[in-house]
Every structure is written in C-alpha cells, then in structure tokens.
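Q:
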Amino acid sequence: MDSDTPDSQTVTTETPDSQTVTTDIPDPQTVTTDLETLTLSNDPLTDQFGSLNDVAHELASLQDLATRGSWRSILDKVARARAQSLLHKPHDHLVYFTYNVLALTKLRRFPEAAAEIDSLEDLDSPRYQYESYPKVYPNRVGSMVPFSLRWLYALMPIKLGQRQDGLDRLYCLLDFVRSKIKEKQKNGSVSVWKRREVFVINGIIGVHLSNKEVSVCLSLINDLLNRDYTDPVLVSKLGYIQMQMGDLEGAKSSFNVVQGLVENEGEASNELKNIVSRNKALVYMVGKDYVSAVREYEECIEREHNDIVAINNKALCLMYLRDLSDSIKVLENALERVPTVALNETVVVNLCSMYELAYVNHSDIKRTLNSWIARVAPDDFDSSSTRI
1 MDSDTPDSQT VTTETPDSQT VTTDIPDPQT VTTDLETLTL SNDPLTDQFG
51 SLNDVAHELA SLQDLATRGS WRSILDKVAR ARAQSLLHKP HDHLVYFTYN
101 VLALTKLRRF PEAAAEIDSL EDLDSPRYQY ESYPKVYPNR VGSMVPFSLR
151 WLYALMPIKL GQRQDGLDRL YCLLDFVRSK IKEKQKNGSV SVWKRREVFV
201 INGIIGVHLS NKEVSVCLSL INDLLNRDYT DPVLVSKLGY IQMQMGDLEG
251 AKSSFNVVQG LVENEGEASN ELKNIVSRNK ALVYMVGKDY VSAVREYEEC
301 IEREHNDIVA INNKALCLMY LRDLSDSIKV LENALERVPT VALNETVVVN
351 LCSMYELAYV NHSDIKRTLN SWIARVAPDD FDSSSTRI
C-alpha cells in the first residue's frame, strides 16, 4: 500500500501564519512478525471506510477546510494537533504533515514547504513502512506515505525555480507509479495507479509546455494513447498540443476522433458533450470565427452553467467582437452566480483587462472588485491579479 489516506482530494483552511513544525513520527519498533505471514494492504482509495475519520484523525475536518480553501486554518489545526499530542499513530503524523505542506504550498510559502519536506529525508525509509510498527499495524505491510506527499516532493523544486531538479523528480515519480501499476496488475487493483500515471504525465507536460518543448509533450501524450485511444480527455489534450505546434489539421483530426468517441457512448455525460463543443469552439477561435465560437460556448453553458472554461472563452470572443459591455457582463454574472468556480486568477485578470479597455475610471471599479474578492476568496487567491 502506498498511502493510508485518500490523497487525491484537496483541502482548504484559515490559520495564523504560525511557524511550521516538523512531524514527530515515532521511531520504528523492532519487527517481530514474520513478513511472509503479512498481507499487502489495498490502496486506501479502493478500501471501504465508514467515513474519512476512519482513515486518519479528524480527516473529515481537514478535508472540509481544504475544499473551502481555508489553508491558514489547516496550518492552525495541524499545529494544534501536534501541540496537544492528538496524533497517536505514525500514519496520522504523515497525513497531517501532508496537509501542512499542501497548505504552505497553496499559500506560496515555498521555502517553508520545502524545509518541511526535507525534514522527512528518504520517503522510502523503513521508518515510513507499516511493517516497522507490527504492534500498531498487525498483518500490514507497505508504505504509509500518501501519494500527495510524493507529488508535492516532486513539485517543490519547480515552485522554487529549480526546473531541472523538478523534472528529474517528476520523472522518478512517473517511474515509481509505473512500477506500482506492474505490481498491482497481479491482483487487479490497478485503476487508481493508472489515474495517477495520467495525473503525473499531465504535470510533466505542463512543465515542458511552459518552456515550449512541444515535441516532448507530444511524445508523452502519444505514449499514453498507444495504450488507450478511447479516452476523450486524453485525445483532446493531443489536439491542444498539436495546436501549440501549429498543426491545425492534426488538431481537427484529433477533435473529430473525440466527437466520434463521445457519440459512440450513446447517453454521454454533459461533461463529455462540452468537451466536444469546446474543441469545436477552439477551432473557430483559431480561424477568428468568433460568432460561431460564441454559439458553441453558449451550448456548453446551457448544459453546465458552471463551465468556467466556456464562460471565460465566450467573454473573450465577445471582446474580440468588440462587444466589451456583454463580455464584462458574462464574467461579472459568473462571479456572482458561481463564485467558488469562477473566482480564479485567469478570469479576474481577463475581467480587469476588459475594465481597462472599457472604462476611464477602471481603477475605482477594480478596487471595488478587489474588496469583494478579499471577502469571499480562498486563502490562496492571488490578489495581484486585479493589477491595482
């Protein structure tokens, strides 16, 4: 087992900017159990638990704070749990440690997050293995390190501007995930690790794309598609990469494949239908047919009122059509209707750009927006996006 907590979820909190505290994971006890009698634990994401609190100490509370973006509160809760010695099992310490590092990362306190991670040293140490604590975890073996912590370890150099070190760690993580896929294929519990493989590859693609290394991205996505060419999301991503390379015909071909896959599903979900419509709209945008693009985005919004990609891009198309008034209304209405979805830096930057184009007194309008954001935004929102 590689984690004793559902680590793919995110967390939010409110907390004072207290000092970070390293975990106090107990020293491993002497192993007194015959390892041949132990069974390898299943991945926690496939185990059945009555509640999140069955996984780790008050995990439901941490998760609730995370989903609300209350990252400072998470730091506070972790600090209190440590100070009051509420974490009794080794894996509880690691779960809280992971949330603490995640909160610091979300708050852009990267040096502190990196120092926390470095305090753990080797994540594959026997210290973090269940079999090192036979009295606490009888008949259980494997790593208790949450996958999220491995991901944060790989990501941290990127956040610190050390791109090559980050890429090295990400590729090592990819090798680790693929080794787990091979291992899990023996007992059939492989789906979680395949999703993690896609997740890690998407992260690696993002790093390469930021440096315009498009050919590497194409190689990575094709490697995934050679094993499964039936995932509309993956094939769409191939189309986006082809567009970045200037291969519009290749992108159209990929998008046509996506449409065929979705149509063959029969009762396809609105999410998949919106992928098809957004792909069509993107082709229209590249061809500067903004009217047709708006039509496709409106169909997306009609199906899913909180499709923020469609909302944002519809507003951009209207701006390109010189309809600044309506483009501003589209984004303002989205912020009012679905603030938890629409309140992200990209939308706010675009809205402020439209204010600057439309109004002489745009500074006053942006200050009003900034005041509203300060009241409702999660802790990790970058207020500099209003450009005041």
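All residue numbers for the sequence shown refer to full-length UniProt numbering, where the first residue is 1 and numbers rise by one.
No residue lacks a Cβ here, since even glycine has one placed at the ideal position from N, Cα and C.
None of the values given here were measured: they were computed from a predicted structure.
Counting only runs of 3+ residues fully inside the region 110-165, write out the beta strand (DSSP E) ranges in chain order.
A: Runs of the beta strand (DSSP E) inside the region 110-165: none found.
Q: Among residues of its own chain, excluding the 5 on either side of ILE388, which ones have a beta-carbon nearer than 8 Å to its beta-carbon?
A: So the list reads SER363, LYS366, ARG367 and ASN370, once near-sequence residues are dropped.
Q: Could you tell me whether the Cβ atoms of LYS89 and VAL136 are closer together than 9 Å?
A: Result yes, Cβ atoms of LYS89 and VAL136 sit closer than 9 Å.
Q: Using the three-state DSSP reduction, which class does MET245 fall into: helix, strand or coil?
A: Coil, per DSSP.
Q: Helix, strand or coil for ASP223? Go by DSSP, reduced to three states.
A: Three-state DSSP puts ASP223 in a helix.
Q: Determine whether the beta carbon atoms of LEU343 and ILE373 lie at a separation below 9 Å.
A: Closer than 9 Å, so yes.
Q: Quick one: give me the first and last residue of the alpha helix (DSSP H) that THR67 is part of.
A: It spans 59-67 - the alpha helix (DSSP H) in which THR67 sits, taken as one unbroken run.
Q: When the distance is taken between beta carbons, is LEU261 closer than 9 Å to THR230?
A: Result yes, Cβ atoms of THR230 and LEU261 sit closer than 9 Å.
Q: Identify, in the order they occur along the chain, each residue of the same chain with its Cβ nearer than 8 Å to the Cβ of ASN211, setting aside the five sequence neighbours on each side.
A: The residues are ARG163.
Q: Thinking C-alpha only, which one of SER292, TYR128 and ASN333 is nearest ASP307?
A: When only C-alpha atoms are compared, the closest one is ASN333.
Q: Which full runs of the alpha helix (DSSP H) of 4+ residues lie inside the region 327-383, going along the chain?
A: Runs of the alpha helix (DSSP H) inside the region 327-383: 339-342, 345-358 and 362-376.
Q: In whole angstroms, what is the alpha-carbon distance linking ASN313 and PRO138?
A: Distance between the alpha carbons of ASN313 and PRO138 is about 54 Å.
Q: Just to check my reading of the structure: MET156 and ALA114 have Cβ atoms closer than 8 Å, yes? What is that Cβ distance to the nearest angstrom?
A: Contact holds; Cβ gap of about 5 Å.
Q: For SER385, which residues in the same chain have their Cβ closer than 6 Å to its Cβ, ignoring the five residues on either side in sequence?
A: The residues are GLU345, VAL348 and VAL349.
Q: I want to know whether the region 350-357 touches the region 313-324 - three or more CB-CB distances under 8 Å.
A: Short answer: they touch.
Q: Could you tell me which of ASP92, ARG82, ILE275 and ARG80 sits nearest to ASN53, measuring between CA atoms?
A: With distances taken between Cα atoms, ASN53 lies closest to ASP92.
Q: Can you grab the Cα-Cα spacing for the pair GLU131 / SER119, in whole Å?
A: So the two alpha carbons sit approximately 22 Å from each other.
Q: Using C-beta distances below 8 Å, list every residue in its chain close to MET243, excluding the 5 sequence neighbours before and after it, in chain order.
A: ALA251, LEU282 and VAL286, listed in sequence order.
Q: Within the same chain, show all residues whose beta-carbon is closer than 8 Å to that of ASN279, passing over the 5 residues directly before and after it, in chain order.
A: Excluding positions up to five away in sequence, the list reads SER236, GLY239, PHE255, VAL258 and GLN259.
Q: Just checking my contact of THR98 with SER148 at CB under 8 Å: how many whole Å lie between their CB atoms?
A: Yes, THR98 and SER148 are in contact; Cβ-Cβ is about 5 Å, under 8 Å.
Q: Which residue wins for smallest C-alpha separation from ASN264, given the options PRO232, ILE241, ASP247 and VAL294?
A: When each option's Cα is compared against that of ASN264, the closest is PRO232.
Q: Mind checking GLN129: buried by the 16 CB within 10 Å criterion, or exposed?
A: Under this definition GLN129 is a buried residue.
Q: ILE241 to LEU234, Cα distance in whole Å?
A: When rounded, the distance between both Cα atoms is 11 Å.
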